[in-house]
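Asks:
In the numbering used here, the protein residues as written are 2 to 314.
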(Lines of atoms letter the chains of each structure in order from A and count residues from 1; the text may use other names and numbers.)
(Lines give C-alpha, C1' and ligand atoms only; values in the text may rest on other atoms or scores of the structure.)
Protein backbone atom coordinates (compact mmCIF):
# COMPACT_ATOMS: atom_id res chain seq x y z
CA UNK A 1 0.00 0.00 0.00
CA UNK A 2 1.48 3.35 -1.04
CA UNK A 3 0.54 6.95 -1.67
CA UNK A 4 2.58 9.49 -3.64
CA UNK A 5 0.87 12.70 -2.48
CA UNK A 6 -1.21 13.89 0.42
CA UNK A 7 -4.95 13.54 0.03
CA UNK A 8 -8.07 11.49 0.63
CA UNK A 9 -8.44 7.72 0.33
CA UNK A 10 -8.28 8.02 -3.45
CA UNK A 11 -4.48 8.57 -3.27
CA UNK A 12 -3.96 5.05 -1.88
CA UNK A 13 -2.68 2.53 -4.39
CA UNK A 14 -1.85 -1.16 -4.16
CA UNK A 15 1.40 -1.51 -6.10
CA UNK A 16 3.67 -4.43 -6.96
CA UNK A 17 7.16 -4.27 -5.44
CA UNK A 18 9.97 -6.84 -5.22
CA UNK A 19 9.95 -9.16 -2.24
CA UNK A 20 12.37 -7.57 0.26
CA UNK A 21 15.65 -9.18 1.19
CA UNK A 22 16.21 -10.16 4.81
CA UNK A 23 19.21 -8.45 6.49
CA UNK A 24 21.20 -10.58 8.92
CA UNK A 25 19.74 -8.76 11.94
CA UNK A 26 16.10 -8.73 10.80
CA UNK A 27 13.10 -11.05 10.41
CA UNK A 28 10.94 -11.18 7.29
CA UNK A 29 7.27 -11.56 8.18
CA UNK A 30 4.49 -12.47 5.77
CA UNK A 31 1.57 -10.31 6.85
CA UNK A 32 -1.81 -11.91 7.50
CA UNK A 33 -3.77 -8.95 8.87
CA UNK A 34 -2.90 -5.26 9.18
CA UNK A 35 -4.77 -3.00 11.58
CA UNK A 36 -6.23 0.38 10.66
CA UNK A 37 -6.00 3.44 12.92
CA UNK A 38 -7.47 6.97 12.71
CA UNK A 39 -4.01 8.55 12.98
CA UNK A 40 -3.13 7.05 9.60
CA UNK A 41 -5.79 9.24 8.03
CA UNK A 42 -4.13 12.39 9.38
CA UNK A 43 -0.71 11.27 8.16
CA UNK A 44 -2.04 10.53 4.68
CA UNK A 45 -3.91 13.85 4.51
CA UNK A 46 -0.78 15.78 5.59
CA UNK A 47 -2.21 16.98 8.92
CA UNK A 48 0.97 15.84 10.69
CA UNK A 49 3.42 16.79 7.95
CA UNK A 50 5.37 19.17 10.20
CA UNK A 51 5.97 16.40 12.77
CA UNK A 52 5.96 13.24 10.64
CA UNK A 53 6.54 14.22 7.01
CA UNK A 54 5.93 11.63 4.34
CA UNK A 55 8.80 10.32 2.23
CA UNK A 56 7.00 9.72 -1.05
CA UNK A 57 6.18 7.13 -2.14
CA UNK A 58 4.98 6.52 1.41
CA UNK A 59 3.79 3.28 2.93
CA UNK A 60 0.95 2.90 5.40
CA UNK A 61 -0.03 0.95 8.49
CA UNK A 62 1.79 0.16 11.71
CA UNK A 63 0.46 -2.87 13.62
CA UNK A 64 -0.03 -6.29 12.12
CA UNK A 65 -0.03 -10.05 12.58
CA UNK A 66 1.76 -12.55 10.39
CA UNK A 67 4.00 -15.57 9.96
CA UNK A 68 7.80 -15.56 10.00
CA UNK A 69 9.00 -16.20 6.43
CA UNK A 70 12.77 -15.79 6.88
CA UNK A 71 15.13 -15.23 9.81
CA UNK A 72 18.40 -13.33 9.50
CA UNK A 73 21.60 -15.18 10.44
CA UNK A 74 22.19 -13.06 13.53
CA UNK A 75 18.66 -13.33 14.93
CA UNK A 76 17.74 -15.65 17.78
CA UNK A 77 14.34 -16.34 19.30
CA UNK A 78 12.30 -16.61 16.09
CA UNK A 79 11.85 -19.40 13.56
CA UNK A 80 10.30 -19.79 10.13
CA UNK A 81 6.58 -20.50 10.32
CA UNK A 82 6.14 -18.91 13.74
CA UNK A 83 3.00 -16.78 14.23
CA UNK A 84 3.88 -13.27 15.40
CA UNK A 85 2.50 -9.80 15.91
CA UNK A 86 4.41 -6.56 15.61
CA UNK A 87 4.73 -2.87 14.88
CA UNK A 88 6.27 -1.53 11.66
CA UNK A 89 5.69 2.22 11.21
CA UNK A 90 4.22 3.01 7.78
CA UNK A 91 5.06 -0.44 6.46
CA UNK A 92 2.52 -2.93 7.83
CA UNK A 93 0.04 -2.85 4.95
CA UNK A 94 2.17 -5.00 2.67
CA UNK A 95 2.61 -8.66 1.83
CA UNK A 96 5.94 -8.72 3.66
CA UNK A 97 7.47 -6.66 6.49
CA UNK A 98 11.17 -6.51 7.27
CA UNK A 99 10.92 -6.51 11.05
CA UNK A 100 13.27 -5.58 13.84
CA UNK A 101 13.18 -8.51 16.28
CA UNK A 102 12.75 -5.97 19.07
CA UNK A 103 9.42 -4.97 17.47
CA UNK A 104 8.01 -8.50 17.31
CA UNK A 105 6.20 -10.72 19.78
CA UNK A 106 5.01 -14.30 19.54
CA UNK A 107 1.30 -14.72 18.87
CA UNK A 108 -0.12 -17.11 21.46
CA UNK A 109 -2.44 -19.97 20.61
CA UNK A 110 -6.07 -18.99 20.86
CA UNK A 111 -5.53 -15.43 19.64
CA UNK A 112 -7.09 -14.72 16.25
CA UNK A 113 -5.08 -13.11 13.47
CA UNK A 114 -7.34 -10.05 13.31
CA UNK A 115 -7.26 -9.43 17.06
CA UNK A 116 -3.51 -10.00 17.15
CA UNK A 117 -2.98 -7.32 14.51
CA UNK A 118 -4.40 -4.67 16.85
CA UNK A 119 -2.36 -5.49 19.95
CA UNK A 120 0.77 -3.40 19.26
CA UNK A 121 -1.28 -0.33 18.30
CA UNK A 122 -4.53 0.27 20.17
CA UNK A 123 -3.70 -2.38 22.76
CA UNK A 124 -0.44 -0.71 23.69
CA UNK A 125 -2.11 2.72 23.63
CA UNK A 126 -4.75 1.54 26.09
CA UNK A 127 -2.10 -0.05 28.32
CA UNK A 128 -0.08 3.18 28.42
CA UNK A 129 -3.11 5.25 29.42
CA UNK A 130 -3.96 2.86 32.23
CA UNK A 131 -0.38 2.93 33.50
CA UNK A 132 -0.40 6.74 33.41
CA UNK A 133 -3.44 7.21 35.65
CA UNK A 134 -3.02 3.96 37.66
CA UNK A 135 -6.65 3.14 38.54
CA UNK A 136 -7.03 1.28 41.82
CA UNK A 137 -9.59 -1.15 43.16
CA UNK A 138 -12.78 0.62 44.19
CA UNK A 139 -12.02 3.86 42.33
CA UNK A 140 -14.36 5.36 39.76
CA UNK A 141 -12.83 5.79 36.31
CA UNK A 142 -14.34 7.39 33.21
CA UNK A 143 -13.30 6.24 29.72
CA UNK A 144 -14.43 8.37 26.79
CA UNK A 145 -15.47 6.66 23.53
CA UNK A 146 -15.47 3.41 25.47
CA UNK A 147 -16.77 1.37 22.52
CA UNK A 148 -14.01 2.56 20.18
CA UNK A 149 -10.79 0.78 19.27
CA UNK A 150 -8.67 2.17 22.13
CA UNK A 151 -11.52 2.87 24.52
CA UNK A 152 -12.92 -0.64 24.62
CA UNK A 153 -9.56 -2.10 25.65
CA UNK A 154 -8.90 0.75 28.10
CA UNK A 155 -12.23 0.18 29.80
CA UNK A 156 -11.62 -3.55 30.18
CA UNK A 157 -8.12 -3.03 31.58
CA UNK A 158 -9.57 -0.66 34.18
CA UNK A 159 -12.24 -3.25 35.08
CA UNK A 160 -9.49 -5.85 35.54
CA UNK A 161 -7.86 -3.51 38.06
CA UNK A 162 -11.03 -3.53 40.13
CA UNK A 163 -12.22 -0.04 39.27
CA UNK A 164 -15.82 0.96 38.69
CA UNK A 165 -15.70 2.02 35.04
CA UNK A 166 -18.06 4.51 33.40
CA UNK A 167 -17.83 4.52 29.62
CA UNK A 168 -19.16 7.28 27.38
CA UNK A 169 -20.72 5.98 24.19
CA UNK A 170 -23.70 6.09 21.86
CA UNK A 171 -26.81 4.32 23.11
CA UNK A 172 -26.52 1.51 20.56
CA UNK A 173 -23.38 0.34 22.42
CA UNK A 174 -24.86 0.49 25.92
CA UNK A 175 -25.80 -3.18 26.21
CA UNK A 176 -22.44 -4.33 24.90
CA UNK A 177 -20.48 -2.15 27.33
CA UNK A 178 -22.65 -3.34 30.21
CA UNK A 179 -21.80 -6.94 29.24
CA UNK A 180 -18.13 -6.04 29.80
CA UNK A 181 -18.78 -4.65 33.26
CA UNK A 182 -18.82 -1.00 32.13
CA UNK A 183 -21.52 1.49 33.15
CA UNK A 184 -22.52 3.32 29.93
CA UNK A 185 -23.29 7.05 29.81
CA UNK A 186 -24.36 8.86 26.64
CA UNK A 187 -21.79 11.26 25.21
CA UNK A 188 -22.62 14.69 23.76
CA UNK A 189 -24.14 17.87 25.22
CA UNK A 190 -24.93 17.51 28.92
CA UNK A 191 -22.17 14.93 29.48
CA UNK A 192 -20.87 16.67 32.62
CA UNK A 193 -24.27 16.52 34.30
CA UNK A 194 -24.84 12.89 33.30
CA UNK A 195 -21.44 11.89 34.70
CA UNK A 196 -22.15 13.74 37.94
CA UNK A 197 -25.40 11.80 38.23
CA UNK A 198 -23.69 8.49 37.42
CA UNK A 199 -20.86 9.13 39.90
CA UNK A 200 -22.30 11.07 42.85
CA UNK A 201 -19.24 10.22 44.91
CA UNK A 202 -16.91 11.77 42.34
CA UNK A 203 -14.55 10.54 39.66
CA UNK A 204 -11.00 9.49 40.51
CA UNK A 205 -9.46 9.14 37.04
CA UNK A 206 -10.41 10.01 33.47
CA UNK A 207 -9.09 8.40 30.28
CA UNK A 208 -9.89 10.40 27.14
CA UNK A 209 -9.58 8.50 23.87
CA UNK A 210 -11.65 10.86 21.72
CA UNK A 211 -11.03 14.55 22.51
CA UNK A 212 -14.04 16.83 21.91
CA UNK A 213 -13.77 18.55 25.30
CA UNK A 214 -13.41 15.47 27.49
CA UNK A 215 -10.41 16.91 29.33
CA UNK A 216 -12.45 20.01 30.20
CA UNK A 217 -15.20 17.73 31.50
CA UNK A 218 -12.69 15.81 33.62
CA UNK A 219 -11.37 19.03 35.15
CA UNK A 220 -14.92 20.23 35.84
CA UNK A 221 -15.56 16.93 37.65
CA UNK A 222 -12.66 17.72 39.96
CA UNK A 223 -10.29 15.07 38.63
CA UNK A 224 -6.67 15.98 39.34
CA UNK A 225 -4.68 16.55 36.11
CA UNK A 226 -2.26 13.83 37.20
CA UNK A 227 -5.14 11.33 37.01
CA UNK A 228 -6.20 12.38 33.48
CA UNK A 229 -4.78 10.98 30.26
CA UNK A 230 -5.70 12.04 26.73
CA UNK A 231 -4.59 10.80 23.33
CA UNK A 232 -6.71 13.30 21.40
CA UNK A 233 -6.62 16.74 23.03
CA UNK A 234 -3.40 18.70 22.55
CA UNK A 235 -4.95 21.87 23.91
CA UNK A 236 -6.00 20.05 27.06
CA UNK A 237 -2.46 18.78 27.55
CA UNK A 238 -1.02 22.28 27.23
CA UNK A 239 -3.71 23.96 29.32
CA UNK A 240 -3.84 21.58 32.28
CA UNK A 241 -0.67 19.51 32.14
CA UNK A 242 -2.53 16.20 31.92
CA UNK A 243 -0.86 12.98 30.77
CA UNK A 244 -0.52 12.19 27.07
CA UNK A 245 0.69 8.58 27.29
CA UNK A 246 0.06 6.60 24.10
CA UNK A 247 1.51 3.76 22.03
CA UNK A 248 5.08 5.00 22.35
CA UNK A 249 4.95 4.56 26.12
CA UNK A 250 4.06 0.86 25.83
CA UNK A 251 6.10 0.06 22.73
CA UNK A 252 7.61 -3.21 23.97
CA UNK A 253 7.07 -6.88 23.09
CA UNK A 254 6.68 -7.63 26.80
CA UNK A 255 3.59 -5.41 27.01
CA UNK A 256 2.22 -6.82 23.74
CA UNK A 257 2.66 -10.38 24.97
CA UNK A 258 0.82 -9.65 28.21
CA UNK A 259 -2.04 -8.05 26.29
CA UNK A 260 -2.08 -10.96 23.83
CA UNK A 261 -2.22 -13.40 26.75
CA UNK A 262 -5.21 -11.57 28.25
CA UNK A 263 -7.08 -11.60 24.93
CA UNK A 264 -6.26 -15.25 24.21
CA UNK A 265 -7.51 -16.15 27.70
CA UNK A 266 -10.79 -14.30 27.11
CA UNK A 267 -10.16 -11.74 29.83
CA UNK A 268 -10.18 -8.90 27.28
CA UNK A 269 -12.33 -8.84 24.16
CA UNK A 270 -11.29 -6.96 21.00
CA UNK A 271 -14.36 -6.77 18.76
CA UNK A 272 -13.57 -6.63 15.05
CA UNK A 273 -16.19 -4.41 13.46
CA UNK A 274 -15.25 -5.32 9.91
CA UNK A 275 -12.39 -6.85 7.92
CA UNK A 276 -11.70 -5.52 4.42
CA UNK A 277 -9.64 -7.11 1.65
CA UNK A 278 -6.64 -5.00 0.67
CA UNK A 279 -8.14 -3.98 -2.67
CA UNK A 280 -11.03 -2.27 -0.82
CA UNK A 281 -8.72 -0.01 1.16
CA UNK A 282 -10.38 3.21 -0.04
CA UNK A 283 -13.77 2.08 1.26
CA UNK A 284 -12.14 0.86 4.45
CA UNK A 285 -10.65 4.26 5.28
CA UNK A 286 -13.85 6.10 4.42
CA UNK A 287 -15.58 3.81 6.88
CA UNK A 288 -12.87 4.35 9.49
CA UNK A 289 -13.18 8.14 9.16
CA UNK A 290 -16.77 8.01 10.46
CA UNK A 291 -15.43 6.86 13.86
CA UNK A 292 -18.87 5.44 14.66
CA UNK A 293 -18.36 1.75 15.18
CA UNK A 294 -17.66 -0.73 17.92
CA UNK A 295 -14.08 -1.98 18.16
CA UNK A 296 -11.66 -2.21 15.24
CA UNK A 297 -11.52 -2.37 11.47
CA UNK A 298 -8.70 -4.34 9.85
CA UNK A 299 -7.30 -5.18 6.43
CA UNK A 300 -6.88 -8.79 5.28
CA UNK A 301 -3.56 -8.58 3.48
CA UNK A 302 -2.91 -12.27 2.92
CA UNK A 303 -5.11 -13.71 0.10
CA UNK A 304 -8.01 -15.85 1.37
CA UNK A 305 -6.70 -19.09 -0.12
CA UNK A 306 -3.29 -18.62 1.50
CA UNK A 307 -4.85 -17.56 4.80
CA UNK A 308 -7.09 -20.65 4.80
CA UNK A 309 -4.02 -22.87 4.45
CA UNK A 310 -2.36 -21.54 7.61
CA UNK A 311 -2.16 -23.99 10.52
CA UNK A 312 -4.75 -23.37 13.22
CA UNK A 313 -3.27 -21.51 16.19
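We put the CB at the ideal spot given by N, CA and C, even for glycine.
Answer yes if the segment 110-119 comes into contact with the segment 186-204, meaning at least three C-beta pairs across the two stretches below 8 Å, and no otherwise.
Replies: Touching, no.
Asks: How should residue 255 be labelled, buried or exposed, when 16 other C-beta atoms within 10 angstroms of its C-beta is the threshold for buried?
Replies: Start at 1 with the first residue of the chain shown, and residue 255 comes out as number 254. By the 10 Å Cβ count, residue 255 comes out exposed.
Asks: Does at least one heavy atom of the ligand COA sit under 6 Å from the Cβ of residue 251?
Replies: Only the bare structure without any ligand can be found here, which leaves the ligand COA out of the picture.
Asks: I want to know whether the segment 85-92 touches the segment 59-72 - three or more CB-CB distances under 8 Å.
Replies: Contact between the segment 85-92 and the segment 59-72 is present, because at least three Cβ pairs lie under 8 Å.
Asks: Decide yes or no for the touch test of the segment 66-77 against the segment 24-31: beta carbon pairs closer than 8 Å, at least 3 of them.
Replies: Output reads yes: the segment 24-31 touches the segment 66-77.
Asks: For residue 169 versus residue 151, is the C-beta spacing smaller than 7 Å?
Replies: Numbered from 1 along the chain shown, position 168 holds the residue referred to as residue 169. Numbered from 1 along the chain shown, position 150 holds the residue referred to as residue 151. Going by C-beta atoms, residue 169 is not nearer than 7 Å to residue 151.
Asks: Please look up how many angstroms separate the CB atoms of residue 228 and residue 209, rounded, as I've assumed it's under 8 Å.
Replies: Locating residue 228 in the chain shown gives position 227, counting from the first residue. Locating residue 209 in the chain shown gives position 208, counting from the first residue. Not quite, the Cβ-Cβ distance comes to about 12 Å (not below 8 Å), so this is no contact.
Asks: Could you name the residues of the same chain whose beta carbon sits closer than 8 Å to that of residue 265, not counting the 5 residues immediately before and after it, in chain order?
Replies: In the chain shown, the residue the question calls residue 265 occupies position 264. Cβ neighbours of residue 265 beyond the five flanking positions: 109, 110, 111, 112.
Asks: Could you tell me the distance, in whole angstroms, from the CA atom of residue 5 to the CA atom of residue 140?
Replies: The sequence position of residue 5 within the chain shown is 4, counting from 1. The sequence position of residue 140 within the chain shown is 139, counting from 1. Each residue's alpha carbon lies about 49 Å from the other.
Asks: Could you tell me the distance, in whole angstroms, from the CA atom of residue 223 to the CA atom of residue 269?
Replies: Here residue 223 is taken as the residue at index 222 of the chain shown, counted from 1. Here residue 269 is taken as the residue at index 268 of the chain shown, counted from 1. Whole-angstrom Cα-Cα distance: 30 Å.
Asks: Going by CA-CA distance only, name the one from 304, 128, 171, 81 that's closest to residue 23.
Replies: In the chain shown, counting from the first residue as 1, residue 23 sits at position 22. Here the closest residue by C-alpha is 81.
Asks: Ends of the beta strand (DSSP E) at residue 100?
Replies: Residue mapping note: residue 100 aligns to position 99 of the chain shown, counting from 1. Note, residue 100: beta strand (DSSP E), 97-100.
Asks: So the beta strand (DSSP E) residue 236 belongs to, where does it begin and stop?
Replies: Mapped onto the chain shown, residue 236 falls at position 235. Taken as a continuous stretch (DSSP letters only), residue 236 belongs to no beta strand (DSSP E), being part of the alpha helix (DSSP H) at 235-241.
Asks: Assuming residue 152 is part of the alpha helix (DSSP H), what are its boundary residues?
Replies: Counting from one through the chain shown, the residue named residue 152 turns up at place 151. From DSSP, the alpha helix (DSSP H) with residue 152 extends over 150-161.
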